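**Q** The structure that follows is given in the form of structure tokens.
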Amino acid sequence: MRFRTTFTVAAGASALALLTGCGAADMTKQASPFANARGAKTVTLSVQSWVGAQSNVAVAQYILDHKLGYRVDTVQVDEVPAWDALSQGRVDALLEDWGHPDQQKRYVEDKKTIAPGGDLGVTGHIGWFVPTYLVKQHPDITDWKNLNKYASLFRTAESGGKGQLMDGSPSYVTHDKALVKNLKLDYQVVFAGSEAAQITQIKQFAKEKKPFLTYWYAPQWLFEKVPMTEVKLPPYKEGCDTDAAKVACAYPRTPLRKYLNAGFAHSGGRAAAFLKKFRWTTEDQNEVSLMIAEQKLSPQEAAKKWVDSHPDVWKRWLS
Amino acid sequence: MATLSVPTSGTATPRVLRSRAAGKLLLLALVAAVLAPWAATRWPGAAWPHALTVSLDKPLTTASDWVIDNRDSHPLFLYFLGHVSNAVVLAVRAVYLTLLAAGWAGVTAFGALLAWRVAGPRLAAGTAVAFLACGALGMWIPTMQTLALMVVAVLASVLVGMLLGLAAGLSDRLDRALRPVLDTMQVLPAFAYLLPVVLVFGIGVPAAVLATVVYAAPPMARLTALGLRGADPEVLEAVESLGATRRQRLLTARIPLARKELLLGLNQTIMMALSMAVIAAVIGAGGLGDRVYQALASVDVGAALAAGIPLVLLAVVLDRVTAAAGNGTPAADRPGTIGWPYALAVTVAAALATRLLGALDWPAGWVLGIAEPVDRAVDWMVAHLYSGVPVVGGTADWAGHFTTWILDPLRDGLQWLPWWSVLLVVAALAWLIGTWRTALTAVLAMAAIGVLGVWEPSLDTLSQVLAAVAVTLVLGFATGIAAARSDRVERALRPVLDVFQTMPQFVYLIPVVALFGVGRAPAVAAAVVYALPAVVRITAQGLRQVDPAALESARSLGATGRQQLWQVQLPLARRSLLLAVNQGVVLVLAVVIIGGLVGGGALGYDVAFGLAQGDLATGLVAGAAIVCLGLMLDRVTQPTGRRARKGA
Numbered sequence: 076m077r078f079r080t081t082f083t084v085a086a087g088a089s090a091l092a093l094l095t096g097c098g099a100a101d102m103t104k105q106a107s108p109f110a111n112a113r114g115a116k117t118v119t120l121s122v123q124s125w126v127g128a129q130s131n132v133a134v135a136q137y138i139l140d141h142k143l144g145y146r147v148d149t150v151q152v153d154e155v156p157a158w159d160a161l162s163q164g165r166v167d168a169l170l171e172d173w174g175h176p177d178q179q180k181r182y183v184e185d186k187k188t189i190a191p192g193g194d195l196g197v198t199g200h201i202g203w204f205v206p207t208y209l210v211k212q213h214p215d216i217t218d219w220k221n222l223n224k225y226a227s228l229f230r231t232a233e234s235g236g237k238g239q240l241m242d243g244s245p246s247y248v249t250h251d252k253a254l255v256k257n258l259k260l261d262y263q264v265v266f267a268g269s270e271a272a273q274i275t276q277i278k279q280f281a282k283e284k285k286p287f288l289t290y291w292y293a294p295q296w297l298f299e300k301v302p303m304t305e306v307k308l309p310p311y312k313e314g315c316d317t318d319a320a321k322v323a324c325a326y327p328r329t330p331l332r333k334y335l336n337a338g339f340a341h342s343g344g345r346a347a348a349f350l351k352k353f354r355w356t357t358e359d360q361n362e363v364s365l366m367i368a369e370q371k372l373s374p375q376e377a378a379k380k381w382v383d384s385h386p387d388v389w390k391r392w393l394s
Numbered sequence: 176m177a178t179l180s181v182p183t184s185g186t187a188t189p190r191v192l193r194s195r196a197a198g199k200l201l202l203l204a205l206v207a208a209v210l211a212p213w214a215a216t217r218w219p220g221a222a223w224p225h226a227l228t229v230s231l232d233k234p235l236t237t238a239s240d241w242v243i244d245n246r247d248s249h250p251l252f253l254y255f256l257g258h259v260s261n262a263v264v265l266a267v268r269a270v271y272l273t274l275l276a277a278g279w280a281g282v283t284a285f286g287a288l289l290a291w292r293v294a295g296p297r298l299a300a301g302t303a304v305a306f307l308a309c310g311a312l313g314m315w316i317p318t319m320q321t322l323a324l325m326v327v328a329v330l331a332s333v334l335v336g337m338l339l340g341l342a343a344g345l346s347d348r349l350d351r352a353l354r355p356v357l358d359t360m361q362v363l364p365a366f367a368y369l370l371p372v373v374l375v376f377g378i379g380v381p382a383a384v385l386a387t388v389v390y391a392a393p394p395m396a397r398l399t400a401l402g403l404r405g406a407d408p409e410v411l412e413a414v415e416s417l418g419a420t421r422r423q424r425l426l427t428a429r430i431p432l433a434r435k436e437l438l439l440g441l442n443q444t445i446m447m448a449l450s451m452a453v454i455a456a457v458i459g460a461g462g463l464g465d466r467v468y469q470a471l472a473s474v475d476v477g478a479a480l481a482a483g484i485p486l487v488l489l490a491v492v493l494d495r496v497t498a499a500a501g502n503g504t505p506a507a508d509r510p511g512t513i514g515w516p517y518a519l520a521v522t523v524a525a526a527l528a529t530r531l532l533g534a535l536d537w538p539a540g541w542v543l544g545i546a547e548p549v550d551r552a553v554d555w556m557v558a559h560l561y562s563g564v565p566v567v568g569g570t571a572d573w574a575g576h577f578t579t580w581i582l583d584p585l586r587d588g589l590q591w592l593p594w595w596s597v598l599l600v601v602a603a604l605a606w607l608i609g610t611w612r613t614a615l616t617a618v619l620a621m622a623a624i625g626v627l628g629v630w631e632p633s634l635d636t637l638s639q640v641l642a643a644v645a646v647t648l649v650l651g652f653a654t655g656i657a658a659a660r661s662d663r664v665e666r667a668l669r670p671v672l673d674v675f676q677t678m679p680q681f682v683y684l685i686p687v688v689a690l691f692g693v694g695r696a697p698a699v700a701a702a703v704v705y706a707l708p709a710v711v712r713i714t715a716q717g718l719r720q721v722d723p724a725a726l727e728s729a730r731s732l733g734a735t736g737r738q739q740l741w742q743v744q745l746p747l748a749r750r751s752l753l754l755a756v757n758q759g760v761v762l763v764l765a766v767v768i769i770g771g772l773v774g775g776g777a778l779g780y781d782v783a784f785g786l787a788q789g790d791l792a793t794g795l796v797a798g799a800a801i802v803c804l805g806l807m808l809d810r811v812t813q814p815t816g817r818r819a820r821k822g823a
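Each protein sequence line maps, in turn, to chains R and V. Mapping to our numbering: the first sequence position 134 is 209, numbers consecutive. Mapping to our numbering: the second sequence position 216 is 391, numbers consecutive.
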């Protein structure tokens, strides 16, 4: 039996070698092995770890699946690797990008393997947030100049003698370490390591009405559950964040964008046309996100609910 | 600080010199007395001296840019790596399409019949139930994707492993060269393998399959070599005297005689590959692992469990079936089995039947939602245990105390120690337990960490590992002793241990955050839960294997139960206990690294950062440091005899 296995493997390997031929094989033009199974037209969407991105994908997936007759595969990839996967054609679309100038230059302008897919319609903003119940007790806490005064409130076991500034997933855009240093704040940046961990921790704090200071971003469904107020940092000016080590200003407001694989954008048919037109508002996205994250609906069910109640929005995407 | 070594040399009276351990220590102390003052004056301060580091940022960034820019044009990619990648994609796709064509009934029938054929009717029923459960949890398609990937990865691992094993089994020189490499590869955390593969192949199935092969092939190679070398010399002599050629000897005697080891190797390879399934999801493996990963991103323990259970079921079934194939008698001698033609015929019939009925996909109505009740249970646990529990305090308070009173002092202590004294301690420990070779490897690995410029985060990770190992050993030895002394306890523990051992490491992460908050404490907690089963099992086995005659004689001398345990069983089981420590350390390290995702920080966070931001300089250096740390920890805890000829 063992010999048979070895034989089968050897036969399989040589058959594969024959199939692939001995010519050049460009692995940057290679689809997922799970794509297009049984003759279905398949679109592969990349999902990022945060729930907003899951909502985009859920709704796009639902419409592609039920209204356009595609089969949709989703792959969870962080933003930067998603650019790479997008350029190789392993995924067809990235629906929510928070601004990656390096990648954009490399893939869109130089290599032309990725095509811009237009705006998502949502504007993203990163900042430092404290819970609103804390602002009611200490109204002046929302100015960064007063943060040192309150550092002792934010002390935890992880941050030692300093106040804790909680950061999230390693995939997020952050200058917080530089900010703490350059603004001379008596704080320690503690990396939660993933958004899931960060949300869990914020909810625990909120349940006990404990003070916390966290890196957070909008639009985000958690604001509906735990009201938070932004701490004002020195205002953002064009170019104040070019040198990552010397940043001492707030984060900009970023219009979130979509990107498509160049080949798919060109020959993706109705799916590509639909994804280019896909555009909705912050409220729409939050509605779906809340259903997924709080009511624990599956993304599919949440998307169905939203699609059923907002025909005027999505019908525009298909026209 | 330079005086640290002086008191040690003071104790070296001639009486102590007689003992070997003291001799080793004295020699080390002498070396230290010469080198330490020199090192301390030349490079003062506790941290690794900056002058001795080599920054790899520039070359690594250049390399990564080069790969991205040349991936679609350079001949190396077009004519070699491209084909590898294509072959993997085609193979996975072929298996996947076959599985889909067979439909759920066909796959279940085939799995069950295969299990019946090699392992008997009871496991056949278990296999069928496991497959049906995968479908009932609504995970049929992801299960098939994972299965397709696993089939290809395991076949490739077995092929590579057997080739390497044959080479090592037939040539002494190759054996000496390969053995340390294979030993080392087995103790490294899987997370460290991901980045280099991603650099070359990009995110996706080929990278996932290749990372899995690198991780899963070593046990096959080791056990193949072991089996070939362990063949009975008399049998070989007999075959030789019959005039068989070298090749005939290999094919007709040595390989068949090594059947048991080969099947054990297959078993271990499958288990390693499955344990990689979730980790590989980080680099785009898809399937069940991806479901677990996505569910965890939205803090949905229930959904993570729904995807995790099929993985556990697959693992348990494959483990039992391959283990039974290794131990059992050949099928022909057993009554009541069925032949291959029948098995295939039934499979085809089942597949055709479902196809005709138009129910090739798992019927949508047959899905059982477990996510919601599980989530409710988790919520309840969190709501009631997190804080404010009377008397004992909540889990958050424990985590806080643990961080403040144990993790912080340990980390600060390690970072306060001058770098050369850390090297010295490592050398002393490794030499006392092992040989001068293991000590040298350990010291070099530790020094490499310093040279890479990640001394501080590595010591942070090390402090978490040490704390977690201490907790694991206390709990593990206690439970192991209880299990060894009572059959009932052992029977009750067995299924629990099985499940915990095969559960993907990722599934532990979110509940521990809910209970212990964000930080190093949850990372340590997850590591303890993951490493405990192995420690309990090895301890219990070791204690049970103690020579009954020795116990009997102790009892006849009137020793109480406690005396028997402390003075007979534990000393006689010393070897197993050391092995338990070694295994515990290796497993704990693997999870502490993943703990970077829940606030563990240090090296684990750096690797996650490197993967997430495509920053190879950070990620690869941290990955290399993890490799060195794993190597050092393994060598320091490795008893001398483990590497003897027969050890496996």
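Positions of the beta carbon are idealized from the N, C-alpha and C atoms, including for glycine. For clarity, every value in this text was computed on a predicted model and none was experimentally measured.
With a threshold of 7 Å on Cβ separation, who are the neighbours of V/A689 within its own chain once the five nearest residues in sequence on each side are excluded?
**A** As a working mapping, residue 689 of chain V is identified with position 514 in the second sequence. Excluding sequence neighbours, V/A689 sits near V553, V557.
**Q** Who are the neighbours of V/T578 on chain R, taking C-beta pairs under 8 Å?
**A** Residue numbering aside, residue 578 of chain V sits at position 403 when the second sequence is read from its first letter. Residues of chain R passing the Cβ test: A232, E233.
**Q** Report the rounded CA-to-CA distance for R/G338 versus R/G164, giving the unit in angstroms.
**A** On the first sequence, position 263 is the one that residue 338 of chain R refers to. On the first sequence, position 89 is the one that residue 164 of chain R refers to. One C-alpha to the other measures close to 8 Å.
**Q** With 8 Å as the C-beta to C-beta threshold (strictly closer), list the residues of the region 119-145 of chain R near chain V in chain order.
**A** The residues in question are V122, S124, W125, V126, Q129.
**Q** If we define contact as Cβ-Cβ less than 9 Å, is V/P697 a contact residue for chain R?
**A** Walking along the second sequence from the start, residue 697 of chain V turns up at place 522. At least one chain R Cβ lies under 9 Å of V/P697.
**Q** Near R/K333, what residues of its chain come up, given a Cβ to Cβ distance below 8 Å and the 5 sequence neighbours on each side ignored?
**A** Here residue 333 of chain R corresponds to residue number 258 of the first sequence, with the count starting at 1. These residues qualify, in order along the chain: A168, L169, L170, E171, D172, P191, G192, G193, D194, L195, L350, K351, F353.
**Q** Reducing DSSP to helix, strand and coil, say where R/C97 ends up.
**A** Position 22 of the first sequence holds residue 97 of chain R. Residue placement at R/C97 cannot be trusted, given a pLDDT of 49 that sits under 50; what the coordinates show is reported in the next sentence. Three-state result, R/C97: coil.
**Q** Within the same chain, show all residues whose beta-carbon is closer than 7 Å to that of R/V132, passing over the 5 residues directly before and after it, in chain order.
**A** Your numbering for residue 132 of chain R matches position 57 in the first sequence. Around R/V132: L120, V122, T149, L170.
**Q** Just reading off the beta strand (DSSP E) that R/D194 is part of, what are its end residues?
**A** Translated into the one-based positions of the first sequence, residue 194 of chain R becomes position 119. It spans 189-206 - the beta strand (DSSP E) in which R/D194 sits, taken as one unbroken run.
**Q** Taking its Cβ as the centre, do 16 or more other Cβ atoms sit within 10 Å of R/H136, making it buried, or is it exposed?
**A** Here residue 136 of chain R refers to the residue found at position 61 when the first sequence is read from its first residue. A small fix is needed here, since residue 136 of chain R is Gln in this sequence, not His. By the 10 Å Cβ count, R/Q136 comes out buried.
**Q** Run down chain V in chain order and give the residues with a C-beta less than 7 Å from the C-beta of R/Q163.
**A** Locating residue 163 of chain R in the first sequence gives position 88, where the first residue counts as 1. Those within 7 Å of R/Q163 in chain V are G377.
**Q** At which residues does the alpha helix (DSSP H) containing V/M447 begin and terminate?
**A** Taking the first residue of the second sequence as position 1, residue 447 of chain V is located at position 272. Run containing V/M447: 434-454, per the alpha helix (DSSP H) assignment.
**Q** Of all the residues that make up the region 703-714 of chain V, which are near chain R by a beta-carbon distance shorter than 9 Å?
**A** Result list empty, no residue passes.
**Q** Compare the Cα-Cα distances from V/S633 to each of V/V693, V/T302, V/L265, V/M807 and report the closest residue.
**A** Along the second sequence, one-based indexing puts residue 633 of chain V at 458. The shortest Cα separation from V/S633 among V/V693, V/T302, V/L265, V/M807 belongs to V/M807.
**Q** Is any beta-carbon of chain R found at less than 9 Å from that of V/D407?
**A** Residue numbering aside, residue 407 of chain V sits at position 232 when the second sequence is read from its first letter. No, no contact with chain R.
**Q** Counting along the chain, where does the beta strand (DSSP E) carrying R/E305 start and finish?
**A** By 1-based counting over the first sequence, the position of residue 305 of chain R is 230. R/E305 -> beta strand (DSSP E) spans 303-306.
**Q** My understanding is that R/V134 touches R/V382, with C-beta atoms under 8 Å, so please give their C-beta distance in whole angstroms.
**A** Residue numbering aside, residue 134 of chain R sits at position 59 when the first sequence is read from its first letter. Residue numbering aside, residue 382 of chain R sits at position 307 when the first sequence is read from its first letter. The Cβ separation is near 7 Å, so the contact holds.
**Q** Beta-carbon within less than 7 Å of V/C309's beta-carbon, same chain only, minus the 5 sequence neighbours each way: which residues are those?
**A** Position 134 of the second sequence holds residue 309 of chain V. Excluding residues within five positions, the ones whose Cβ falls inside 7 Å are W315, T318, P485, L488.
**Q** Of all Cβ atoms in chain R, is any one closer than 9 Å to the Cβ of V/Y368?
**A** In the second sequence, residue 368 of chain V corresponds to position 193, counting from 1. It does not; no Cβ of chain R falls within 9 Å.
**Q** Hey, is R/M366's beta-carbon within less than 9 Å of any beta-carbon in chain V?
**A** Here the question's residue 366 of chain R lines up with position 291 in the first sequence. Closer than 9 Å: no.
**Q** Taking the Cβ atom as the reference point for each residue, do V/T497 and V/I458 lie within a distance shorter than 9 Å?
**A** Numbered from its first residue, the second sequence carries residue 497 of chain V at position 322. Numbered from its first residue, the second sequence carries residue 458 of chain V at position 283. No, these two residues do not count as a Cβ contact at 9 Å.
**Q** Along chain R, which residues have their Cβ under 9 Å away from the Cβ of V/L772?
**A** As a working mapping, residue 772 of chain V is identified with position 597 in the second sequence. What V/L772 touches in chain R: S244, P245, A267, G268, S269, A271, A272.
**Q** Does the separation of the CB atoms of V/A571 and V/G770 fall below 9 Å?
**A** On the second sequence, residue 571 of chain V is found 396 positions in, with the first residue counted as 1. On the second sequence, residue 770 of chain V is found 595 positions in, with the first residue counted as 1. No. Outside cutoff.
**Q** Rounded to the nearest angstrom, what separates V/L592 and V/P371 at their Cα positions?
**A** By one-based count along the second sequence, residue 592 of chain V stands at place 417. By one-based count along the second sequence, residue 371 of chain V stands at place 196. Taking the straight line from one Cα to the other gives about 33 Å.
**Q** Give a yes or no on whether 9 Å exceeds the smallest Cβ distance from R/V150 to chain V.
**A** Within the first sequence, numbered from 1, the residue matching residue 150 of chain R stands at position 75. Taking Cβ atoms only, chain V reaches closer than 9 Å to R/V150, which makes this a yes.
**Q** Is it buried or exposed, V/A574, if we count other Cβ atoms within 10 angstroms and call 16 or more buried?
**A** Within the second sequence, residue 574 of chain V is the residue found at index 399, counting from 1. By the neighbour-count rule (16 or more Cβ atoms within 10 Å), V/A574 is buried.
**Q** For V/R246, does the three-state DSSP call read helix, strand or coil?
**A** Numbered from 1 along the second sequence, position 71 holds the residue referred to as residue 246 of chain V. Correct three-state label for V/R246: coil.
**Q** Going along the chain, which residues of its own chain have a beta-carbon closer than 6 Å to the beta-carbon of R/C97, five neighbours each way excluded?
**A** Position 22 of the first sequence, counted from the start, is the residue given in the question as residue 97 of chain R. Annotation note: pLDDT 49 at R/C97 (below 50); position unreliable, coordinate value reported separately. Cβ neighbours of R/C97 beyond the five flanking positions: none.
**Q** Considering R/V183, what are the terminal residues of the alpha helix (DSSP H) in which it resides?
**A** Position 108 of the first sequence, counted from the start, is the residue given in the question as residue 183 of chain R. No alpha helix (DSSP H) contains R/V183, which DSSP labels as neither H nor E.
**Q** Answer yes if the region 341-361 of chain V comes into contact with the region 385-404 of chain V, meaning at least three C-beta pairs across the two stretches below 8 Å, and no otherwise.
**A** Yes: at least three Cβ pairs fall under 8 Å.
**Q** Chain R beta carbons: is any one of them nearer than 9 Å to that of V/Q423?
**A** The count along the second sequence starts at 1 and reaches residue 423 of chain V at position 248. Closer than 9 Å: no.
**Q** Can at least three beta-carbon pairs, one atom from the region 364-381 of chain R and one from the region 322-333 of chain R, be found at a separation below 8 Å?
**A** No, the region 364-381 of chain R does not touch the region 322-333 of chain R.
**Q** Under three-state DSSP, which class holds R/E369?
**A** Looking up residue 369 of chain R in the first sequence gives position 294. Here R/E369 sits in coil by DSSP.
**Q** Using the Cβ count rule (16 or more neighbours within 10 Å means buried), how would you classify R/S124?
**A** On the first sequence, position 49 is the one that residue 124 of chain R refers to. So R/S124 counts as buried.
**Q** Show which residues of chain R have a CB atom less than 8 Å away from the CB atom of V/E547.
**A** Start at 1 with the first residue of the second sequence, and residue 547 of chain V comes out as number 372. Under the 8 Å cutoff, chain R gives K371.
**Q** Under the rule that 16 or more other beta-carbon atoms within 10 Å means buried, what is V/A653, buried or exposed?
**A** One-based indexing of the second sequence puts residue 653 of chain V at position 478. With fewer than 16 other Cβ atoms within 10 Å, it is exposed.
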